[in-house]
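*Asks:*
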Amino acid sequence: MILACSAGGFKILFNMLSVLPSNLPIGILVVIHRNARYETNVEESIMAKSHIKVKVAEEKEQIRPGTAYFAPAGYHLLVEPDRSLSLDISEPVNFCRPSIDVTMQSAADIYGPGTLAVLLSGANQDGAQGMRAVQHAAGLCIVQHPEQAEIKTMPEAAIKLGAADLVLNNEELITFSQQLDNYLRGDQSWRN
Amino acid sequence: MSLSFEHLEELIELVNHVHGFDLYGYSRASLKRRVSRIMDLYRLDFPALKDNLINTSGFFNRFLIEITVNVTEMFRDPAFFVALREEVFPYLATFPHIKVWSAGCSTGEEVYSLAILLKKQGLYERSFIYGTDINSKVLEKAKDGIFDLRKMKAYSDNYLQTGSDDSLSEYYTARYDAAAIHHNLRKNILFSIHNLVSDGVFNEFQLITCRNVLIYFNAALQEHVFNLLYESLALFGFLCLGSKEALRSEQLKDRFRLINKKQNIYQKIA
Chain G
0 MILACSAGGF
10 KILFNMLSVL
20 PSNLPIGILV
30 VIHRNARYET
40 NVEESIMAKS
50 HIKVKVAEEK
60 EQIRPGTAYF
70 APAGYHLLVE
80 PDRSLSLDIS
90 EPVNFCRPSI
100 DVTMQSAADI
110 YGPGTLAVLL
120 SGANQDGAQG
130 MRAVQHAAGL
140 CIVQHPEQAE
150 IKTMPEAAIK
160 LGAADLVLNN
170 EELITFSQQL
180 DNYLRGDQSW
190 RN
Chain L
0 MSLSFEHLEE
10 LIELVNHVHG
20 FDLYGYSRAS
30 LKRRVSRIMD
40 LYRLDFPALK
50 DNLINTSGFF
60 NRFLIEITVN
70 VTEMFRDPAF
80 FVALREEVFP
90 YLATFPHIKV
100 WSAGCSTGEE
110 VYSLAILLKK
120 QGLYERSFIY
130 GTDINSKVLE
140 KAKDGIFDLR
150 KMKAYSDNYL
160 QTGSDDSLSE
170 YYTARYDAAA
180 IHHNLRKNIL
190 FSIHNLVSDG
200 VFNEFQLITC
210 RNVLIYFNAA
220 LQEHVFNLLY
230 ESLALFGFLC
240 LGSKEALRSE
250 QLKDRFRLIN
260 KKQNIYQKIA
């Protein structure tokens with residue numbers, strides 16, 4: 000699963016991560032736009048609240064279930080065919096590095112229909128192309144409802160591109176996260 | 000243009016057979032992105048890409064430029080240069096000669112940054128910096144020592160953040176939209192081709208920087224390069240990796256002392 004946000008999306012992302020069940024059978028890649036120049040301790044503050052393991056992604060690290068890997072500031076985060084992570088410091092994409100598009104495209108390449116992408120609030124267009132790649136790979140694309148996003152540009156761009164399978168409000172995003180393991184077992188009860 | 004991982008393996012074989020260039024140890028996810036980019040750029044599908052690589056003279060060089068990441072800055076990661084100045088240079092100052100190797104130097108921004116830092120500390124006159132890359136085109140640009148003036152603004156900002164007491168503009172001359180690095184900074188610098196995958200040790204260094212190169216290699220190739228860098232270091236010489244590239248080689252760990260964990264600076268001790 001890729002969980003991505005930019006401006007205004009941090010709070011809902013934090014809330015989603017903190018309700019994910021500890022026995023989650025999948026790994027999570029988290030991409031947040033942030034300035035490489037300033038130290039942030041986002042990972043630590045989430046770790047304190049969450050049931051799953053939270054860390055900064057290290058290159059050539061194997062993706063493990065029940066763990067959230069944050070893209071380090073200033074690097075793109077990619078998935079290798081052997082399901083390890085790799086970092087890339089090539090050109091920013093749409094002025095973003097890490098780029099949500101890059102991580103989603105790379106994950107869709109590897110996980111295909113097993114890819115699950117969630118795009119939250121943000122002030123630019125990053126993520127829309129990535130969501131489309133996930134959709135082409137027959138994965139599931141979830142977008143935060145633009146009206147509930149603090150900044151709706153990013154979710155709206157994905158919806159406009161037709162790359163949203165589901166548009167969920169904040170409450171539904173939380174329920175979905177709480178019951179993610181049910182969903183992964185094919186149980187659709189979270190939708191009610 | 001779509002490219003599968005199977006295509007990518009086929010391409011790696013082809014490039015090795017036709018051009019003798021070894022891409023086997025490159026991380027696939029990044030390489031796939033770069034190759035897809037070339038296909039988009041030149042509007043080639045996979046058969047046409049192969050055809051060009053085999054039959055079009057000069058295409059391979061362009062291919063090589065595009066697959067390697069040539070994004071660099073002067074004083075990229077200012078905190079790294081602070082660590083270098085405060086934790087490494089006092090030690091380097093005790094050596095009669097300081098040979099520096101910037102491995103994977105691309106267009107030379109880091110080499111000139113090192114030159115400026117050495118100059119500021121009064122060490123430049125007994126230093127010699129080698130900048131190497133696999134790419135002759137970027138090395139030509141590095142030799143020119145002329146950079147886009149618009150980029151200098153960000154570089155000046157980086158330089159300021161290293162806690163310097165002067166301005167970056169002391170070291171270049173601005174003409175129109177270009178900034179030319181001063182000649183007195185260039186005299187102890189040599190740029191040349193070197194491939195970390197296939198070339199060996201070519202000198203013995205007191206300081207090696209190899210930042211954001213290893214992230215593009217798989218674990219086996221990283222191990223090979225660690226060995227090459229180790230062999231290229233003088234005893235008590237320093238190795239600087241990118242901030243996300245820790246020295247993981249079990250075999251070499253005991254032969255290095257960690258100088259700065261955050262900046263991944265190591266000293267060879269055995």
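Residue numbers (numbering that gives the first Met the number 0), protein chains in the order written: chain G, 0 to 191; chain L, 0 to 269.
Even glycine gets a Cβ: it sits at the ideal position worked out from N, Cα and C.
Given the structure is predicted, the values throughout are model-derived calculations rather than measurements.
1) When DSSP labels each residue in this structure, what does residue 94 of chain L get in the three-state scheme?
2) Roughly how many angstroms separate the alpha carbons of residue 168 of chain L and residue 78 of chain G, rounded to a whole number?
3) When you compare each of L/180, L/5 and L/135 to residue 31 of chain L by their alpha carbons, which one comes out closest?
4) With burial defined as no fewer than 16 other Cβ atoms inside 10 Å of the residue's Cβ, what is the status of residue 210 of chain L: buried or exposed?
5) Our contact map puts residue 217 of chain L next to residue 26 of chain L with C-beta atoms below 8 angstroms; I'd like the distance itself, whole angstroms only.
6) Taking C-beta to C-beta, are residue 79 of chain L and residue 120 of chain L nearer than 8 angstroms?
7) Excluding five sequence neighbours on each side, which residues of the same chain lie with their C-beta closer than 8 angstroms to the C-beta of residue 171 of chain L?
8) Span of the alpha helix (DSSP H) holding residue 182 of chain L?
9) Is there a Cβ of chain L sitting closer than 8 angstroms to that of residue 80 of chain G, yes or no?
10) Compare the C-beta of residue 102 of chain L against all C-beta atoms of chain G and say whether one is closer than 8 angstroms.
11) Taking its Cβ as the centre, do 16 or more other Cβ atoms sit within 10 Å of residue 175 of chain L, making it buried, or is it exposed?
12) Between the alpha carbons of residue 213 of chain G and residue 160 of chain L, how many angstroms are there, rounded?
13) Just checking: is the beta-carbon of residue 90 of chain G within a distance shorter than 8 angstroms of some beta-carbon in chain L?
14) Tell me which residue opens and which closes the beta strand (DSSP E) that residue 126 of chain L is part of.
15) Applying the 10 Å Cβ sphere with the 16-neighbour rule, what's the burial state of residue 61 of chain G?
16) Would residue 23 of chain L be called buried (16 or more neighbouring beta carbons within 10 Å of its own) or exposed?
17) On the CB-based measure, 16 or more other CB atoms within 10 Å of its CB, does residue 190 of chain L come out buried or exposed?
18) Measure from the C-beta of residue 71 of chain G to each C-beta in chain L and report whether the shortest distance is under 8 angstroms.
19) Once the 5 residues before and after residue 129 of chain G are set aside, which same chain residues still bring their CB inside 6 angstroms of it?
20) May I have the straight-line CA-CA distance separating residue 191 of chain G from residue 51 of chain G, to the nearest angstrom?
21) One question on the structure: do residue 242 of chain L and residue 76 of chain L come within less than 8 angstroms of each other, judged by their Cβ atoms?
22) On the three-state DSSP scale, how would you describe residue 74 of chain L?
23) So that I know if they touch, is there some Cβ in chain L lying closer than 8 angstroms to that of residue 110 of chain G?
24) What does the alpha-carbon distance come out to for the pair residue 265 of chain L and residue 44 of chain G?
25) Under 8 angstroms Cβ to Cβ from residue 124 of chain G, same chain only, skipping five residues before and after it: list those, please.
26) Hey, residue 180 of chain G and residue 12 of chain G: beta-carbon distance below 8 angstroms or not?
27) Specify whether the stretch 30-46 of chain L and the stretch 61-70 of chain G touch according to this definition: at least 3 beta carbon pairs, one from each stretch, less than 8 angstroms apart.
28) With distances taken between CB atoms, is the gap from residue 206 of chain L to residue 97 of chain L smaller than 8 angstroms?
29) Give the secondary structure of residue 52 of chain G by DSSP, where H, G and I count as helix, E and B as strand, and everything else as coil.
30) Going by DSSP, what residues sit across from residue 255 of chain L in a beta bridge?
31) Going straight from the alpha carbon of residue 17 of chain L to that of residue 227 of chain L, what length do you get?
32) Let me know the secondary structure DSSP gives residue 100 of chain G once reduced to three states.
*Replies:* Reading it off the structure:
1) Working through the second sequence from its first residue, we reach residue 94 of chain L at position 95. Coil.
2) On the second sequence, residue 168 of chain L is found 169 positions in, with the first residue counted as 1. On the first sequence, residue 78 of chain G is found 79 positions in, with the first residue counted as 1. For the pair residue 168 of chain L and residue 78 of chain G, the Cα-to-Cα distance works out to about 41 angstroms.
3) Reading the second sequence from its first residue, position 32 is the one you call residue 31 of chain L. Residue L/5 is the option with its Cα nearest to residue 31 of chain L.
4) The residue given as residue 210 of chain L occupies position 211 in the second sequence. So residue 210 of chain L ends up on the buried side.
5) Counting from one through the second sequence, the residue named residue 217 of chain L turns up at place 218. Counting from one through the second sequence, the residue named residue 26 of chain L turns up at place 27. Indeed, because the Cβ distance is near 6 angstroms, the residues count as touching under 8 angstroms.
6) Position 80 of the second sequence, counted from the first residue, corresponds to residue 79 of chain L. Position 121 of the second sequence, counted from the first residue, corresponds to residue 120 of chain L. No, these two residues do not count as a Cβ contact at 8 angstroms.
7) Along the second sequence, one-based indexing puts residue 171 of chain L at 172. These residues qualify, in order along the chain: 146, 151, 178, 179, 180 and 181.
8) By 1-based counting over the second sequence, the position of residue 182 of chain L is 183. No alpha helix (DSSP H) contains residue 182 of chain L, which DSSP labels as neither H nor E.
9) For this step, residue 80 of chain G is matched to residue 81 along the first sequence. So, interface residue.
10) Here residue 102 of chain L refers to the residue found at position 103 when the second sequence is read from its first residue. No, residue 102 of chain L does not count as interfacial toward chain G.
11) For the purposes of this step, residue 175 of chain L is taken as the residue at position 176 of the second sequence. Exposed, because fewer than 16 other Cβ atoms sit within 10 Å of the Cβ of residue 175 of chain L.
12) No answer is possible for residue 213 of chain G: the residues shown for chain G start at 0 and end at 191.
13) Position 91 of the first sequence, counted from the first residue, corresponds to residue 90 of chain G. So yes, residue 90 of chain G belongs to the interface.
14) Along the second sequence, read from residue 1 onward, the residue named residue 126 of chain L stands at position 127. That run of the beta strand (DSSP E) goes 126-132.
15) Taking the first sequence and counting its residues from 1, one reaches residue 61 of chain G at position 62. Answer is exposed; the Cβ neighbour count stays below 16.
16) Sequence index remark: in the second sequence, residue 23 of chain L carries index 24 (1-based). Classification of residue 23 of chain L: exposed, given that the 10 Å Cβ count is below 16.
17) Stepping through the second sequence from its first residue, residue 190 of chain L is reached at position 191. Buried is the call here.
18) Position 72 of the first sequence, counted from the first residue, corresponds to residue 71 of chain G. By this cut-off, residue 71 of chain G is an interface position.
19) Along the first sequence, read from residue 1 onward, the residue named residue 129 of chain G stands at position 130. Around residue 129 of chain G: 99, 100, 103 and 104.
20) Residue numbering aside, residue 191 of chain G sits at position 192 when the first sequence is read from its first letter. Residue numbering aside, residue 51 of chain G sits at position 52 when the first sequence is read from its first letter. Unreliable positioning characterises residue 191 of chain G in this predicted model, as indicated by a pLDDT of 43, which lies under 50. A coordinate reading is not provided.
21) Against the second sequence, residue 242 of chain L aligns to sequence position 243. Against the second sequence, residue 76 of chain L aligns to sequence position 77. Yes, they are a contact pair.
22) Taking the second sequence and counting its residues from 1, one reaches residue 74 of chain L at position 75. Here residue 74 of chain L sits in coil by DSSP.
23) Translated into positions along the first sequence, residue 110 of chain G becomes position 111. At a cut-off of 8 angstroms between beta-carbon atoms, residue 110 of chain G makes no contact with chain L.
24) The count along the second sequence starts at 1 and reaches residue 265 of chain L at position 266. The count along the first sequence starts at 1 and reaches residue 44 of chain G at position 45. Near 30 angstroms, if we compare the C-alpha coordinates of residue 44 of chain G and residue 265 of chain L.
25) Start at 1 with the first residue of the first sequence, and residue 124 of chain G comes out as number 125. Closer than 8 angstroms at Cβ, skipping near neighbours: 93, 152, 153 and 156.
26) Here the question's residue 180 of chain G lines up with position 181 in the first sequence. Here the question's residue 12 of chain G lines up with position 13 in the first sequence. No. Outside cutoff.
27) no
28) Residue 206 of chain L sits at position 207 when you count from the first residue of the second sequence. Residue 97 of chain L sits at position 98 when you count from the first residue of the second sequence. Against a cut-off of 8 angstroms, the Cβ pair of residue 97 of chain L and residue 206 of chain L comes out as a contact.
29) Here residue 52 of chain G corresponds to residue number 53 of the first sequence, with the count starting at 1. Residue 52 of chain G falls in the strand class under three-state DSSP.
30) For the purposes of this step, residue 255 of chain L is taken as the residue at position 256 of the second sequence. When beta bridges are read from the DSSP output, residue 255 of chain L appears opposite L/267.
31) Translated into the one-based positions of the second sequence, residue 17 of chain L becomes position 18. Translated into the one-based positions of the second sequence, residue 227 of chain L becomes position 228. Their Cα atoms are separated by approximately 26 angstroms.
32) The residue you call residue 100 of chain G lines up with position 101 of the first sequence. Helix.
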